[in-house]
Amino acid sequence: MALQCSNCGNFYSGPPGPIIVSVSPGTRHHTLLNTNEPPEDSELTFIHSVVSETTTRLTHLDDEISTLRERLKQLRDERTALSSYHTRNKAILSPLRRMPPEVLAEIFSWTLPAVQNARRSSFNMLQSPWLLTRISSRWRAVSVSTPILWSRLVMDYTGNSTVAPPLTLVETQIHRAQKLHIHFYGNPSLYADSEHQIRVFELLSKQSSRWEELSIGITLQMLPLLTAVRGRMPSLKRLWIDIQWYDSPPVQSLDCFQTAPSLIDFGVNHLYRCGPIGVPAQQLTRYYLDAPWQRHSAILKLARNLVEAHIILPVDERWTNATEIITLPHLRRLFLSCLAALDYLKAPALEGFAMWASDTVRPVESFLGRSDCALRTLCLRGPDAYAITHILPKFPSIAELALTVDNGDQAEMDSLMSALSSPKVAPRLRSLIFGFESYGVDNYTTFLQMLRARWEIDGSALTDSALLLAEGWKPDPGTLDLLHALRLDGLDLRILAGREALEEIYSWFYASNWVLWSS
Numbered sequence: 008m009a010l011q012c013s014n015c016g017n018f019y020s021g022p023p024g025p026i027i028v029s030v031s032p033g034t035r036h037h038t039l040l041n042t043n044e045p046p047e048d049s050e051l052t053f054i055h056s057v058v059s060e061t062t063t064r065l066t067h068l069d070d071e072i073s074t075l076r077e078r079l080k081q082l083r084d085e086r087t088a089l090s091s092y093h094t095r096n097k098a099i100l101s102p103l104r105r106m107p108p109e110v111l112a113e114i115f116s117w118t119l120p121a122v123q124n125a126r127r128s129s130f131n132m133l134q135s136p137w138l139l140t141r142i143s144s145r146w147r148a149v150s151v152s153t154p155i156l157w158s159r160l161v162m163d164y165t166g167n168s169t170v171a172p173p174l175t176l177v178e179t180q181i182h183r184a185q186k187l188h189i190h191f192y193g194n195p196s197l198y199a200d201s202e203h204q205i206r207v208f209e210l211l212s213k214q215s216s217r218w219e220e221l222s223i224g225i226t227l228q229m230l231p232l233l234t235a236v237r238g239r240m241p242s243l244k245r246l247w248i249d250i251q252w253y254d255s256p257p258v259q260s261l262d263c264f265q266t267a268p269s270l271i272d273f274g275v276n277h278l279y280r281c282g283p284i285g286v287p288a289q290q291l292t293r294y295y296l297d298a299p300w301q302r303h304s305a306i307l308k309l310a311r312n313l314v315e316a317h318i319i320l321p322v323d324e325r326w327t328n329a330t331e332i333i334t335l336p337h338l339r340r341l342f343l344s345c346l347a348a349l350d351y352l353k354a355p356a357l358e359g360f361a362m363w364a365s366d367t368v369r370p371v372e373s374f375l376g377r378s379d380c381a382l383r384t385l386c387l388r389g390p391d392a393y394a395i396t397h398i399l400p401k402f403p404s405i406a407e408l409a410l411t412v413d414n415g416d417q418a419e420m421d422s423l424m425s426a427l428s429s430p431k432v433a434p435r436l437r438s439l440i441f442g443f444e445s446y447g448v449d450n451y452t453t454f455l456q457m458l459r460a461r462w463e464i465d466g467s468a469l470t471d472s473a474l475l476l477a478e479g480w481k482p483d484p485g486t487l488d489l490l491h492a493l494r495l496d497g498l499d500l501r502i503l504a505g506r507e508a509l510e511e512i513y514s515w516f517y518a519s520n521w522v523l524w525s526s
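Residue numbers for the sequence shown follow our numbering, beginning at 8 and rising by one.
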């Protein structure tokens, strides 16, 4: 169709319009399109005209598409710029801008990695607290001025960490902290970088007056540095020692902590590689020790302020006929690896007792009778159905019960759950914890049935329960749904797996998480 120009009055042809691409069946054009027949000479002019017309239309469409693409790109670029501008202006209204620094600092403290994670990547710039300094100037100012974010220094030379921390970063973190919570794990191997270990520990030892917690894997090379800080640890409250030498003769003694005036929490691993470790026993409120009874008794006679103790004894401990009874007036929680030690103890304030399950409970009964204490928490490690049915009835006042087994045996698990299903076993039970320290079982149906039986019985005291799986699989989806139904019915039920489960298992046996951190 010819169009007239409004300026000059000339006529011009407008853009080619749409072309109808459908061809009527039965026509010669339809036959040529749908077969391989060659066109007659008389048909060539028509076909050429169709090709020319479609070529012109395609060129026009390509031009339009190009124009639209350019316009679309302009719109997208404008939207991107406007969206960024919108977001930046909206951020001005964010509550974070008005959040008090102390609240922001509290939130930051919850972002710190667990010690075990920090051991694998000490001073990682992609983890808190270092990452917080790279978000914004305000976050950097708040994080740098919050000493608690920098208090914990984790340095691991045992192979769990791939890169030793640069000295400059160690110095920076020490400068930003006030009190220091140090986790330092030395490596005694001849192939380890002992020079770097010593240089870092020298830096830390110069700040011993600021030590509040010290978890240390000691090597022989570090002993002179530790000896030098004697009398210079006024703030040290918690101490965990792991002896890191193997083939060398045992060190005579280590007494640099004897004069630490604030020390109240003490634990040591692999003490057989070292002589006595001097600590102010009269101050201690908590201790963890694997040693012969002679060493334990020397501490316990002085440690009248103990509230919690984890006592491990050699399997070949030789007991004397001594009749002296050690009274621990404030002891509330006790773990014993050997029940024979109870013949030498009295704890009138004891509330929680943890032990390896045993066929005999005579020492326990004698100890409780002598102590005249109101035991309410019992933790049994490695029990079987026989232990459940013979031990628990002797402690009807138990309100909290924790049971853990090493490896999951389905038949043993089922027998245990069957024994626990009886309301005559611990009738006042309010809390029931069951844990696997290693692999669990395939089927947790009997655990579900036991919980349901105790939960639904008239007058049940049960209010909470937990299934702790250090390794292995959780219950199948069907069992999980039925356990969730108990939750909806009011039972406080937790199912934990992995390290979180293992940490809770250790807590029930009054063992510090430092035992896990140093492993």
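Here a beta-carbon is modelled for each residue, glycine too, at the ideal position from N, C-alpha and C.
Since the model is a prediction, treat every value here as computed from it, not as a measurement.
| Any idea what DSSP makes of I248, helix, strand or coil? | strand
| query | Is it true that the CB of G415 sits closer than 7 Å to the CB of G447? | reply | yes
| message | For the region 422 to 434 against the region 494 to 502, do three or more pairs of beta-carbon atoms, one drawn from each stretch, fall closer than 8 Å, so that the two count as touching? | response | no
| query | So, is E510 buried or exposed, given that buried needs 16 or more other C-beta atoms within 10 angstroms? | reply | buried
| Buried/exposed call for D163, threshold 16 Cβ in 10 Å | buried
| field | Cutoff 7 Å; reference Q290; Cβ partners in own chain excluding five residues on either side | value | Contacts found: L270, I271, N312.
| request: Could you check which residue in G389, T470, Q417 has the C-alpha nearest to that of N450? | output: Q417
| message | Considering only their Cβ atoms, is the gap separating A473 from R506 smaller than 7 Å? | response | No, the pair does not count as a contact, with Cβ atoms beyond the cut-off.
| According to the neighbour-count rule (16 or more other Cβ atoms, all chains shown, within 10 Å of its Cβ), is L103 buried or exposed? | exposed
| If you follow the beta strand (DSSP E) that Y92 is part of, which residue opens it and which one closes it? | No beta strand (DSSP E) holds Y92; the alpha helix (DSSP H) holding it covers 48 to 99.
| request: Verify whether the separation of the beta carbon atoms of R388 and E358 is less than 7 Å. | output: With respect to E358, R388 sits apart: the two C-beta atoms are not nearer than 7 Å.
| task | Return the chain-ordered list of same chain residues with a C-beta closer than 6 Å to the C-beta of F374, the five sequence neighbours on each side being excluded. | result | L349
| Considering only residues of the same chain and omitting the five flanking positions on each side of N276, which have a CB-CB separation below 6 Å? | Excluding its 5 nearest sequence neighbours in each direction, N276 has C-beta neighbours in its own chain below 6 Å: D249, listed in chain order.
| request: Taking only the alpha-carbon atoms, compute the straight-line gap between L487 and L458 and give it to the nearest angstrom. | output: Their Cα atoms are separated by approximately 13 Å.
| request: Consult DSSP for T118 and reduce its assignment to one of helix, strand or coil. | output: coil
| field | Same chain, Cβ closer than 8 Å to H303, neighbours up to 5 away in sequence not counted | value | The answer, listed in chain order, is L296, I318, L320, A348.
| message | Measuring only the C-alpha atoms, how far is N328 from Q301? | response | 13 Å
| On the three-state DSSP scale, how would you describe K186? | coil
| task | Below 7 Å CB to CB, which residues in the same chain sit around P154 once its five sequence neighbours on both sides are set aside? | result | Counting only Cβ-Cβ distances below 7 Å, and skipping sequence neighbours, we find R183, A184, Q185.
| Alpha-carbon spacing of P268 relative to R159, whole angstroms | Between the C-alpha atoms of P268 and R159 there is a straight-line separation of about 21 Å.
| task | May I ask you to report which of helix, strand or coil DSSP gives D471? | result | strand
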